[in-house]
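S.K.: Just passing along the structure, written as structure tokens.
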Amino acid sequence: MNSVRRVNRGPKAAAENRAALLAAAREVFAEHGFDAPMSLIARTAGVGQGSLYRHFSSRDSVILAVFEDNIAVVEELAIRPESTLDDVLDALVEQVTVSTAFIAMVRPIGTDDPRILEVSTRLTELLESKLDSARRDGAFHADVDAGDVVLALAMFAAILIEVDEPTRREVAARAWWMLRRGLRP
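Quick note on numbering: the sequence shown equals residues 1 to 185 in full-length UniProt numbering.
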């Protein structure tokens, strides 16, 4: 974990501080889970807690920002005309493998936070847009919908939450291979 102390340069450093906080949140959540102290995120980013709370008013807002960044990466890939559902799924699997925040947000259960639900809906819509051609081409079962893919990703994520970091990639590859087989004819 990177805990190099950066010098606070005030409001001029806001964008840099926010980026450092998001990177630190990804790292802290991956290592310690979502219950990790917010102060640990600030320390890891090299900023004070005041800076953390200026950017993110709550734990949920930090988690949401990390998830939003992850979704943005996948959306950038998905809008490319040449990208396929397999490309999008590979990117999602990578995100789930490396980001605990993404794992928890793939299928948010027990939340009524409209911000979280909106980002989750964007993910489902993104998958549905790519599923049409995959089903037409016979690459996926005709009756598989985006909800099924999200469920498979959530099952995949649930497995990875229990796996320690050194073996996560190996388990991820095997688990996703098995789940993907169920989605294909």
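Note that CB positions come from ideal geometry on N, CA and C, so glycine has one too. As the structure is a prediction and not an experimental result, all values here were calculated from the model.
#1: Just tell me which of 94, 53, 42, 178 has its CA closest to the CA of residue 73.
#2: Indicate whether residue 133 and residue 84 have their beta-carbon atoms separated by less than 9 Å.
#3: For residue 167, count the other beta carbons within 10 Å of its own beta carbon; 16 or more makes it buried, fewer makes it exposed. Which is it?
#4: With DSSP as the reference, label residue 59 as helix, strand or coil.
#5: Compute the distance between the beta-carbons of residue 140 and residue 81, then report whether it is under 9 Å.
#6: For residue 33, which of helix, strand or coil comes out of DSSP?
#7: Reducing DSSP to helix, strand and coil, say where residue 80 ends up.
#8: Could you compute how far the alpha carbon of residue 36 sits from the alpha carbon of residue 120?
#9: Do residue 165 and residue 145 have their C-beta atoms closer together than 9 Å?
#10: Look at the alpha carbon of residue 16 and the alpha carbon of residue 130, and state the distance between them as a whole number of angstroms.
#11: Looking at residue 71: is its Cβ nearer than 9 Å to the Cβ of residue 25?
#12: Classify residue 27 as buried or exposed, calling it buried when 16 or more other Cβ atoms lie within 10 Å of its own Cβ.
#13: In angstroms with no decimal places, state the Cα-to-Cα distance between residue 126 and residue 91.
#14: Assuming residue 149 and residue 117 are in contact, meaning their beta carbons sit under 8 Å apart, how far apart are those beta carbons, in whole angstroms?
#15: Pull up the distance between the alpha-carbon of residue 39 and that of residue 55, whole angstroms please.
#16: Helix, strand or coil for residue 129? Go by DSSP, reduced to three states.
#17: Have a look at 171, 173, 179 and flag the residue whose alpha-carbon is nearest the alpha-carbon of residue 155.
#18: Check for me: the alpha helix (DSSP H) holding residue 145 runs from which residue to which?
#19: Given that a residue counts as buried once 16 or more other Cβ atoms are within 10 Å of its Cβ, and exposed if not, what is residue 79?
M.R.: In this structure, then:
#1: As a first step, residue 73 is located in the sequence shown; it is residue number 73 there, counting from the start. Nearest option by C-alpha distance: 94.
#2: Mapped onto the sequence shown, residue 133 falls at position 133. Mapped onto the sequence shown, residue 84 falls at position 84. Cβ atoms of residue 133 and residue 84: closer than 9 Å.
#3: For the purposes of this step, residue 167 is taken as residue 167 along the sequence shown, with counting starting at 1. Burial state of residue 167 is exposed, judged by a 10 Å Cβ sphere holding fewer than 16 other Cβ atoms.
#4: Here residue 59 refers to the residue found at position 59 of the sequence shown. In this structure, residue 59 counts as helix in the three-state DSSP scheme.
#5: Position 140 of the sequence shown, counted from the first residue, corresponds to residue 140. Position 81 of the sequence shown, counted from the first residue, corresponds to residue 81. No, they are not a contact pair.
#6: Numbered from 1 along the sequence shown, position 33 holds the residue referred to as residue 33. In this structure, residue 33 counts as coil in the three-state DSSP scheme.
#7: Looking up residue 80 in the sequence shown gives position 80. Residue 80 falls in the coil class under three-state DSSP.
#8: As a first step, residue 36 must be located in the sequence shown, where it is residue number 36. As a first step, residue 120 must be located in the sequence shown, where it is residue number 120. In a straight line, the C-alpha of residue 36 is about 23 Å away from that of residue 120.
#9: Along the sequence shown, read from residue 1 onward, the residue named residue 165 stands at position 165. Along the sequence shown, read from residue 1 onward, the residue named residue 145 stands at position 145. No. Outside cutoff.
#10: The residue given as residue 16 occupies position 16 in the sequence shown. The residue given as residue 130 occupies position 130 in the sequence shown. Rounded to the nearest angstrom, the two C-alpha atoms are 34 Å apart.
#11: Translated into positions along the sequence shown, residue 71 becomes position 71. Translated into positions along the sequence shown, residue 25 becomes position 25. 9 Å or more divides the Cβ of residue 71 from the Cβ of residue 25.
#12: Residue 27 sits at position 27 when you count from the first residue of the sequence shown. The residue in question, residue 27, is buried, as its Cβ has 16 or more Cβ neighbours within 10 Å.
#13: Position 126 of the sequence shown, counted from the first residue, corresponds to residue 126. Position 91 of the sequence shown, counted from the first residue, corresponds to residue 91. Roughly 12 Å between the two C-alpha positions.
#14: Taking the sequence shown and counting its residues from 1, one reaches residue 149 at position 149. Taking the sequence shown and counting its residues from 1, one reaches residue 117 at position 117. 18 Å between Cβ atoms; not a contact.
#15: In the sequence shown, the residue the question calls residue 39 occupies position 39. In the sequence shown, the residue the question calls residue 55 occupies position 55. Their backbone Cα atoms lie some 14 Å apart in a straight line.
#16: Your numbering for residue 129 matches position 129 in the sequence shown. In this structure, residue 129 counts as helix in the three-state DSSP scheme.
#17: To locate residue 155, count along the sequence shown from 1; it is residue 155. Measuring from the Cα of residue 155, the nearest candidate turns out to be 179.
#18: For the purposes of this step, residue 145 is taken as the residue at position 145 of the sequence shown. Taken as a continuous stretch (DSSP letters only), residue 145 belongs to no alpha helix (DSSP H), as it is neither H nor E.
#19: The sequence position of residue 79 within the sequence shown is 79, counting from 1. The residue in question, residue 79, is exposed, as its Cβ has fewer than 16 Cβ neighbours within 10 Å.
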